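**Q**
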Amino acid sequence: MTLEHERPESLLGMLMGFEGVRDACTIVHGPTGCKYYPSAFSEAAFPDRGPGWESRNVFRWEGAYFFSQPRIPCTYLDFDMFVSGASGRLKDLYARAEKMGPSLICVVNSPGASLIGEDLGSVGGKIPTVRAEKARYSGTFADGFQDAVRAIVREAAPAKQEERHGVNLMGITIGHLHWEDDIAELSSLLKACGIEVRCTVGAGWSMEDVRGSAGAELNVLIFPEYGRRIAELYEKEYGIPFFESPEGAPIGFPAAEAWVRGVCSALGKDPSPALAVIAGARKAAARALLKMESAHILPKGRTFSVYADGSMLYAVSMFLYDYLGMVPVALRSPGGKEWKERAEERFRALGIPVSDDPEHTQSDIILASEGLCVSAVNRGTALSQAVIEAPGGDFIRTRPEPIVGPAGTLRLLDILLNGIADNQHFR
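With my numbering as the guide, the letters of the sequence shown map in order to residues 56 to 482.
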């Protein structure tokens, strides 16, 4: 038995790529079953999205198309319409969306609608409209997300700019765990080095940001598998180079330092201010490790398993092995598999055998999404857990809690070290 069904797929990724535009409206041409979860996902991930879309007033959104959810209305195709088509209902919903005044309308065929050949070309007007005839239904969340963002950029057609300044962050979605905190954390590091972040492509940007996104000096990838194809589009169409860290996602002190140095090197900036912030986090971590050492409890030699996207998996597994002396026993990645292969190759060279089944391999700690973590702990295959990917379990969170950067690394260490201490009855 596996839990692959929890992994978000390309249709959800495409919808979240469209929902990442704060002043857009996303329409699903399909049955209600294709809108309920994506709508709830969007609300949970991006609660303060633009005016008119954040309200959870069920009386405002009751009835056809919205069904008491403010996000992602649908045409609720039924049995007869799968035979006769539903262009009339699509036109009616599109007209209603137009009256709400979004800056962009995105129309997506559900799998069923695409199979019967529903034509989205029947809708359009003065508002820029992206039409997605079908998603990569066997693809990953990252595939669908990048398809959506590339379609938005092509529709908006940002003007080429002679004078460029600042950077665009890229390769993160509203579906990432604590994505807004990640953006704030990395933006703060770059600001310390005198680097302006113009916008984050695909996550929380506006149509104004889209149109101005071609004015950046550099596109900077956070999770490369979520932005490489988008960065290549900007490079081809607008001549904007991009930076992708060879150390994967910027989590773990060495990976965060490599990310900062790489961006600063590409722009000719001094990385010292940001590196000083990371050095401060290193000191805080060292104090915690000294406290554990005094109690004869250390992470060295403990085992871990990771189920995450490739760039996250690589950075986390390298950090746990190199910095803490922990030993990997299982690694699995549904996306960005080249990163997983790099990690496996390194551990193989060290004589460490690694399984590809974190859910059923005994370990001291599992690092994954909340559902996988809870399942492994409840079944006894892991003693403790660290949630590093969405879906996460936060309902109320009043303080920033980034996953990446120095603050994200300290968060990870807090979880790991407390898990070890609890299992040894240290506290």
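We treat Cβ as the ideally placed atom computed from N, Cα and C, and that holds for glycine. Bear in mind that the values here come from a model prediction, so they are computed numbers and not experimental data.
Under a Cβ-count criterion, where at least 16 other Cβ atoms within 10 Å of its own Cβ denotes burial, should Gln124 be classed as buried or exposed?
**A** The residue given as residue 124 occupies position 69 in the sequence shown. Buried, by the Cβ-count rule.
**Q** Taking 7 angstroms as the threshold (C-beta atoms), are Gly447 and Asp425 in contact?
**A** In the sequence shown, counting from the first residue as 1, residue 425 sits at position 370. In the sequence shown, counting from the first residue as 1, residue 447 sits at position 392. The question names Asp, but residue 425 is Glu in the sequence shown. A contact, by the Cβ cut-off of 7 angstroms.
**Q** Does the region 340-350 come close enough to the region 263-283 that 3 or more CB-CB pairs lie under 8 angstroms?
**A** In short, these stretches do not touch, since the Cβ pair count stays below three.
**Q** Is it the case that the Cβ atoms of Thr87 and Tyr131 are separated by a distance below 7 angstroms?
**A** Against the sequence shown, residue 87 aligns to sequence position 32. Against the sequence shown, residue 131 aligns to sequence position 76. A contact, by the Cβ cut-off of 7 angstroms.
**Q** Jot down the residue ranges of each uninterrupted alpha helix (DSSP H) in the region 233-269, minimum 4 residues, whole runs only, in chain order.
**A** The qualifying runs are 234-247, 262-267.
**Q** Look at the alpha carbon of Cys254 and the alpha carbon of Pro383, and state the distance between them as a whole number of angstroms.
**A** As a first step, residue 254 is located in the sequence shown; it is residue number 199 there, counting from the start. As a first step, residue 383 is located in the sequence shown; it is residue number 328 there, counting from the start. Their Cα atoms are separated by approximately 36 angstroms.
**Q** Would you grab the beta carbon distance between Leu405 and Ile306 for me? Rounded to a whole angstrom, and I think it's under 8 angstroms.
**A** Here residue 405 is taken as the residue at index 350 of the sequence shown, counted from 1. Here residue 306 is taken as the residue at index 251 of the sequence shown, counted from 1. Not confirmed; about 21 angstroms, so no contact.
**Q** Taking the alpha helix (DSSP H) that Asp469 belongs to, which residues open and close that run?
**A** Your numbering for residue 469 matches position 414 in the sequence shown. Asp469 -> alpha helix (DSSP H) spans 460-478.
**Q** Quick check on the burial criterion: 16 or more other C-beta atoms within 10 angstroms. Buried or exposed for Pro166?
**A** If you number the sequence shown from 1, residue 166 lands on position 111. Exposed is the call here.
**Q** Figure out for me which residue from Arg144, Val315, Ala445 has the closest Cα to the Cα of Ala329.
**A** As a first step, residue 329 must be located in the sequence shown, where it is residue number 274. Nearest option by C-alpha distance: Val315.
**Q** Below 8 angstroms, how does it come out for the region 450-462 and the region 414-429: are there three or more Cβ pairs, yes or no?
**A** Short answer: they don't touch.
**Q** For the beta strand (DSSP E) that contains Gln216, what are its first and last residues?
**A** Along the sequence shown, one-based indexing puts residue 216 at 161. First-last for Gln216: undefined, no H or E at that position.
**Q** Quick check: what's the CA-CA separation for Glu188 versus Gln201?
**A** The residue you call residue 188 lines up with position 133 of the sequence shown. The residue you call residue 201 lines up with position 146 of the sequence shown. Cα-Cα distance, rounded: 15 angstroms.
**Q** If I'm right that Gly230 touches Met71 with Cβ under 8 angstroms, what's the distance once you round it to whole angstroms?
**A** Locating residue 230 in the sequence shown gives position 175, counting from the first residue. Locating residue 71 in the sequence shown gives position 16, counting from the first residue. Yes, they are in contact, since the Cβ atoms of Gly230 and Met71 sit about 5 angstroms apart, within 8 angstroms.
**Q** Between which residues of its own chain and Gly282 is the CB-CB distance below 6 angstroms, once the five residues before and five after are set aside?
**A** Counted from its first residue, the sequence shown places residue 282 at position 227. Excluding positions up to five away in sequence, the list reads Met225, Gly226, Leu276.
**Q** Just to confirm my understanding: we take Leu438, look at its own chain, exclude 5 residues before and 5 after, and list those with CB closer than 8 angstroms. What are they?
**A** Here residue 438 refers to the residue found at position 383 of the sequence shown. So the list reads Ser418, Asp419, Ile420, Val432, Gly474, Asn478, once near-sequence residues are dropped.
**Q** Does DSSP put Asp419 in a helix, a strand or coil?
**A** Taking the first residue of the sequence shown as 1, we reach residue 419 at position 364. Three-state result, Asp419: strand.
**Q** Inspect the beta-carbon positions of Ala385 and Thr436 and report whether they are closer than 7 angstroms.
**A** Start at 1 with the first residue of the sequence shown, and residue 385 comes out as number 330. Start at 1 with the first residue of the sequence shown, and residue 436 comes out as number 381. No.
**Q** For Ile451, which of Glu64, Phe359, Leu145, Ala99 has the nearest alpha-carbon?
**A** Stepping through the sequence shown from its first residue, residue 451 is reached at position 396. Of Glu64, Phe359, Leu145, Ala99, the residue nearest in Cα terms is Ala99.
**Q** Starting from Gln440, follow the beta strand (DSSP E) in both directions and report where the run begins and ends.
**A** Reading the sequence shown from its first residue, position 385 is the one you call residue 440. Looking at the DSSP string, the run of the beta strand (DSSP E) that includes Gln440 is 437-444.
**Q** Which residue wins for smallest C-alpha separation from Ala321, given the options Ala331, Phe297, Ala304?
**A** Taking the sequence shown and counting its residues from 1, the one referred to as residue 321 is at position 266. Ranking the options by Cα distance to Ala321, first place goes to Phe297.
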